[in-house]
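Heads up: the structure comes next, in structure tokens.
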Amino acid sequence: MTDDITTPRRNFVKGVATGVIGGTLAGMGFYSYTNSAYSRLPKVAREQQEFGAVRSVKVTAISETSWFNNAHLMEDIQKSGGLLVDQYTIGWGPFGNGKGPGKGSYEEGIAKIKKMIPGDLEEAWALQEKSSLHPDNPGGFSTLIEVEDLDGSKHKYLLDTGWSYAWMDQSFKREGIDQMLKSGEIEALIQTHEHFDHFFGFPVAMKYNNKLPLYIHNGFYKEGRQYIVDSGYKGDPIVVDKELTPIRPGMMLMKFDVPIICRVFGETSLAFNVKDKGLVLISGCNHQGILQMTSTAMKKLKYDNDRFYGLYGGLHISPFEDWDPKYDDLVISLGKWNFEKVGCNHCTGHLTARKFIERGYPVVRGTARFRSSTPDYLGNGDTITFG
Amino acid sequence: MEAQNRNISYLESRKLVKRWRGPLPAIANLLMIFALFGVTWWIFQDPRGIMRMYTPYVGYMICRWMLILLIWVAYIFDFWPFKRSWLNKAHPVTKGVVLTTVSVVAMMLLIKGFFMGLLGQYGIAYFSPDRLHAMGLTEFYAEEYSTEAIMMFAAIASWLAPSWVVACENAPWQKLTQPARGITIAVVTFFLSTIVYFLTMHSHMAILFDPWQKYTAITPPYWEGFANTVSGNFHIAWIMSCTVTVWVYESIWERYPFNLIKTNWLRRTSAFFGIIAVALCMCFFIYYAQDLMWGETVRGTRREMAPDWRWLHVGETAIFWLVGVLGLNFYGGNWPTKFSRPVNVFLRTIISLLIGGAVYVLYYKYAHLFLGTQKGFAHPQQFPMIPMIWLINIALINQWFMDGWPGWKAVPKTETELNEVESAVIAHDVSWTPSLARGLAVGATAGVTIYFGVINILPWISQNVQIIK
Chain A
1428 MTDDITTPRR NFVKGVATGV IGGTLAGMGF YSYTNSAYSR LPKVAREQQE
1478 FGAVRSVKVT AISETSWFNN AHLMEDIQKS GGLLVDQYTI GWGPFGNGKG
1528 PGKGSYEEGI AKIKKMIPGD LEEAWALQEK SSLHPDNPGG FSTLIEVEDL
1578 DGSKHKYLLD TGWSYAWMDQ SFKREGIDQM LKSGEIEALI QTHEHFDHFF
1628 GFPVAMKYNN KLPLYIHNGF YKEGRQYIVD SGYKGDPIVV DKELTPIRPG
1678 MMLMKFDVPI ICRVFGETSL AFNVKDKGLV LISGCNHQGI LQMTSTAMKK
1728 LKYDNDRFYG LYGGLHISPF EDWDPKYDDL VISLGKWNFE KVGCNHCTGH
1778 LTARKFIERG YPVVRGTARF RSSTPDYLGN GDTITFG
Chain B
104 MEAQNRNISY LESRKLVKRW RGPLPAIANL LMIFALFGVT WWIFQDPRGI
154 MRMYTPYVGY MICRWMLILL IWVAYIFDFW PFKRSWLNKA HPVTKGVVLT
204 TVSVVAMMLL IKGFFMGLLG QYGIAYFSPD RLHAMGLTEF YAEEYSTEAI
254 MMFAAIASWL APSWVVACEN APWQKLTQPA RGITIAVVTF FLSTIVYFLT
304 MHSHMAILFD PWQKYTAITP PYWEGFANTV SGNFHIAWIM SCTVTVWVYE
354 SIWERYPFNL IKTNWLRRTS AFFGIIAVAL CMCFFIYYAQ DLMWGETVRG
404 TRREMAPDWR WLHVGETAIF WLVGVLGLNF YGGNWPTKFS RPVNVFLRTI
454 ISLLIGGAVY VLYYKYAHLF LGTQKGFAHP QQFPMIPMIW LINIALINQW
504 FMDGWPGWKA VPKTETELNE VESAVIAHDV SWTPSLARGL AVGATAGVTI
554 YFGVINILPW ISQNVQIIK
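So the protein sequences, as listed, match chains A and B. So for the first sequence, my numbering puts the first residue at 1428; every next one is plus one. So for the second sequence, my numbering puts the first residue at 104; every next one is plus one.
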């Protein structure tokens, strides 16, 4: 009698246990990737923070050539152990210690040159060349940004400080940046991220002005923060820890917390609202991805005409002339965002620039001067104005 | 020899017995596995370590092919050419060292000899780093591209090779002796992997190069509209889900429910395609769950907002579950075992999901402090599958090659137990009755309700739980 009762009950429980898994799987399989499921996704509200406007933004590419021989750079990375190896240990100047690829260290490198920076950069770099990998290869990325306010007043900002002391000093002098720094004409230095080609040339800026306001991402590692001190900086860096940091009316610093190759974390980029034109985005490397930045700006900021107007910077797509099908997703999709002017260079990559041009995107061409290698995009000494 | 004469595999012929009572064996083995993981990670993979193979694709390829070789040695070749008597008598550590060494040598021969040498030199150029380098790519990317292609092949083989044993029960070659059976199944699954590779990954590789190699591959690939990306990561998503489902079906599900089917061909076919069906359900759900958590993807973005990364992360998430599944099966005694098979399966599924979820959270919260990697969900050059598969490989070596040493030891099964192995192919403990049908209906309704409950709660979790600070 007991068996007669418990057996159906047991069978029922077996059925329930099986059915729960089956029913859950059925929901997962038949509903999850359907239009109906996606119609349930909550609509993202646009916050559209007002941040003022500017009349125009002029950008000068002081140097976009971060390195001059891609094969040499990749050889150093390969011999050091790949794209995840800490940049301070690869053995590049100014942190080479002569022990070979992947065996460098911040401490050993800086110990050799600490007394020379920022005063005697020529001697420091010459000394480093003896113990670093491919010492002729480094160049650097640095950009001058001139903002014209609505009242016509102009304000200058330096975006990044490049890599090689010798190359960056030469580039600064070519574009008059040395004098602008000395005179205090440049109002602040925005160090977008910690990568070697944007940051290792930091002492060059310090040589001319070691007190100017400095913005850094809060993801800077201890070596990077120490380098700022060791380079003779006498101010208090503004450590950016908020998603949006206003710099001046119409100019917003956007922070992205993204892990990056060579053990770097985070990048900041700039957004401008150009009066009657729309939004302009300017980046150092744009490791967060240009459309990620665009989509964040669309959600967070209010700008004229609700329109994307311009784009400038390294767009970090094929910096090593490498490729991946996901980059084609960007090449295919960028057109939908209708940028009127695209100024790109540096880590955008030659191949990407060519693919952009082939698809008819409004890429502003350059003049291929001062060791820039292609006229397909804006090169060293070239300018672009938004507004 | 009795088991071998009856064509019962070594793994099925042995019984792993705890050396000590209580949780000590599991603790000892887990400690050893994590120690081995730490040491070998530092030697081979860690970007701060000795060999630094985590470039990333070199290390990615190695850990995936190592997994295949372990499966080949233990499941496909049943340890041939090693004699059963040696397997029964040799010390587990000796066996672990010898069998792992053989697997590594075979893997290197396959990668260097077959893929890079034969196929890369005489068939498809992108399998050879030397050819790519000679055509103008940097040495680094020449190696990365070719190892990426070889790694993708392994992803497919890691699903099909065990599937033939687990789902198809080695049919129709189950009666062949070794090495004939091993060679046949290896060749057949390799052949099938090649076909699937061409259908899923070849187009991905073809658009790595400029211009797109449209005369040798379909470009843009056929899945672009459906997956919202041209990246082959879409296929990684469902193929890795298949790999995980094979082992779920083999271990914590004890081949339930397809082992209820008595007709051999129907059971095997149902299991093979059933695994794919379960994997597709898992795949679409994990993708959708990410959209619920992080917002809908924007094509052309990078990292966690990009469709290609979300598909990749489907496979990564599934692998975290596999860690939970194998952990429960190997070191938790496949607990619980005291209820009926369906109830055990249900409870183990829940437990393994909880373990997998915990491993997922712990990985993203703390792994960057130990592995030489960066914190964050979507680093373009970081693949959590590398450390997870590395860990799984070590657990498999411990379980298959070392008989669970030091916590467990292998004891030959008795005649009665061997008979049970043979009869266990078909389960007799669940049969169709009206009460089972009622239970199924109630359970299915509850399952659908649970599903909708989960998708409703995910956005709330996204708003209130932060894994990475």
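All residues carry an ideal CB built from backbone N, CA and C; glycine is no exception. The structure displayed is predicted, hence computed values, not measured ones.
Beta-carbon proximity check, tyrosine 1660(A) vs leucine 1680(A), cutoff 8 Å: no
8 Å Cβ cutoff, methionine 1428(A) in contact with chain B: A caution first: methionine 1428(A) carries a pLDDT of 47, below 50, which makes its placement in the model unreliable, though a value can still be read off. Chain B, which has no Cβ nearer than 8 Å to the Cβ of methionine 1428(A), makes this no.
Can you pull out the residues from the stretch 383–403 of chain B whose beta carbon lies closer than 9 Å to at least one beta carbon of chain A? Leu383, Cys384, Met385, Cys386, Phe387, Phe388, Ile389, Tyr390, Tyr391, Ala392, Asp394, Leu395, Gly398, Glu399, Val401, Arg402 and Gly403
Using the Cβ count rule (16 or more neighbours within 10 Å means buried), how would you classify asparagine 567(B)? exposed
Any C-beta of chain A sitting closer than 8 Å to the C-beta of threonine 158(B)? yes
With 16 other CB atoms within 10 Å as the buried threshold, where does methionine 1428(A) fall? Only weak support exists for where methionine 1428(A) lies, its pLDDT of 47 falling under 50; the coordinates are left without a value.
For chain B, check one thing: does any of its Cβ atoms lie closer than 8 Å to the Cβ of glutamate 1474(A)? no
Extent of the continuous beta strand (DSSP E) to which threonine 1687(A) belongs: Per the sequence shown, the amino acid found at residue 1687(A) is isoleucine instead of threonine. Per DSSP, isoleucine 1687(A) belongs to the beta strand (DSSP E) from 1678–1687.
Pull up the distance between the alpha-carbon of glutamate 1535(A) and that of phenylalanine 375(B), whole angstroms please. 59 Å
Quick check on the DSSP output: what are the complete beta strand (DSSP E) runs of length 3 or more inside the stretch 1606–1679 of chain A, in order along the chain? 1613–1618, 1641–1644, 1665–1667 and 1671–1675
In terms of alpha-carbon separation, which member of Leu133(B), Phe312(B) and Ile111(B) lies closest to tryptophan 508(B)? Leu133(B)
DSSP three-state assignment for leucine 235(B), whether helix, strand or coil: helix
Please report the straight-line C-alpha distance between tyrosine 359(B) and serine 373(B), rounded to a whole angstrom. 11 Å
Closest to aspartate 1733(A) by C-alpha separation, out of Leu1742(A), Thr1721(A), His1743(A) and Ile1744(A), would be which residue? Thr1721(A)
Does the beta carbon of phenylalanine 1747(A) sit closer than 8 Å to a beta carbon anywhere in chain B? yes
Distance between lysine 1526(A) and phenylalanine 1599(A) (C-alpha atoms, nearest Å): 31 Å
What are the residues that DSSP puts in a beta bridge with valine 514(B)? Per DSSP, Lys118(B).
When the Cα atoms are used, what is the spatial distance from glycine 335(B) to glutamate 1477(A)? 41 Å
Could you pull out every unbroken alpha helix (DSSP H) segment of at least 4 residues lying fully inside the stretch 1711–1749 of chain A, listed in chain order? DSSP runs (the alpha helix (DSSP H)) wholly in the stretch 1711–1749 of chain A: 1717–1727.
Rounded separation between proline 1676(A) and aspartate 1596(A) - CA only: Between proline 1676(A) and aspartate 1596(A), the C-alpha separation is close to 31 Å.
Which same chain residues, not among the five before or five after alanine 209(B), have their C-beta less than 7 Å away from its C-beta? Only Leu172 meet the Cβ criterion.
Spell out the partners DSSP gives tryptophan 262(B) in its beta bridges. Paired residue(s): none; tryptophan 262(B) is not in a bridge.
Under the three-state reduction of DSSP, which class applies to alanine 193(B): helix, strand or coil? Coil at alanine 193(B), not helix or strand.
Tell me which residues share the same chain as arginine 444(B) and place their Cβ nearer than 8 Å to its Cβ, disregarding the 5 neighbours each side in the sequence. Glu357, Tyr359, Ala530, Asp532 and Val533
For the beta strand (DSSP E) containing tyrosine 160(B), name the first residue and the last one. That residue, tyrosine 160(B), is in no beta strand (DSSP E); its alpha helix (DSSP H) goes 160–174.
Beta-carbon spacing of glycine 1508(A), proline 487(B) below 8 Å: no
Below 7 Å CB to CB, which residues in the same chain sit around histidine 1777(A) once its five sequence neighbours on both sides are set aside? Result list for histidine 1777(A): Glu1748, Thr1801 and Asp1803, in chain order.
Could you spell out where the alpha helix (DSSP H) holding phenylalanine 387(B) opens and where it closes? 367–397
Roughly how many angstroms separate the alpha carbons of methionine 255(B) and glutamate 1621(A), rounded to a whole number? Straight-line measurement puts the Cα of glutamate 1621(A) at about 33 Å from the Cα of methionine 255(B).
What does proline 360(B) pair with, by DSSP beta-bridge criteria? According to DSSP, which records beta bridges pairwise, proline 360(B) is partnered with nothing at all.
Considering Cα atoms alone, identify which of Phe293(B), Ser261(B), Asn331(B) and Val299(B) is closest to cysteine 345(B). Ser261(B)
Please confirm whether histidine 338(B) has its beta-carbon closer than 8 Å to some beta-carbon of chain A. no
Just to confirm my understanding: we take glycine 1398(A), look at its own chain, exclude 5 residues before and 5 after, and list those with CB closer than 6 Å. What are they? Look at the range of chain A in this structure, 1428 to 1814, and you will see that residue 1398(A) is not part of it.
Cysteine 345(B) lies in the alpha helix (DSSP H); which residues open and close that run? 336–353 is the span of the alpha helix (DSSP H), which, as asked, contains cysteine 345(B).
Between the stretch 544–556 of chain B and chain A, which residues of the former have CB atoms less than 7 Å from a CB of the latter, in chain order? Ala544, Val545, Gly546, Ala547, Thr548, Ala549, Gly550, Val551, Ile553, Tyr554 and Phe555
Mind checking whether the beta-carbon of leucine 1778(A) lies closer than 7 Å to any heavy atom of the ligand NAD? The model on display carries no ligand, and the ligand NAD is accordingly not part of it.
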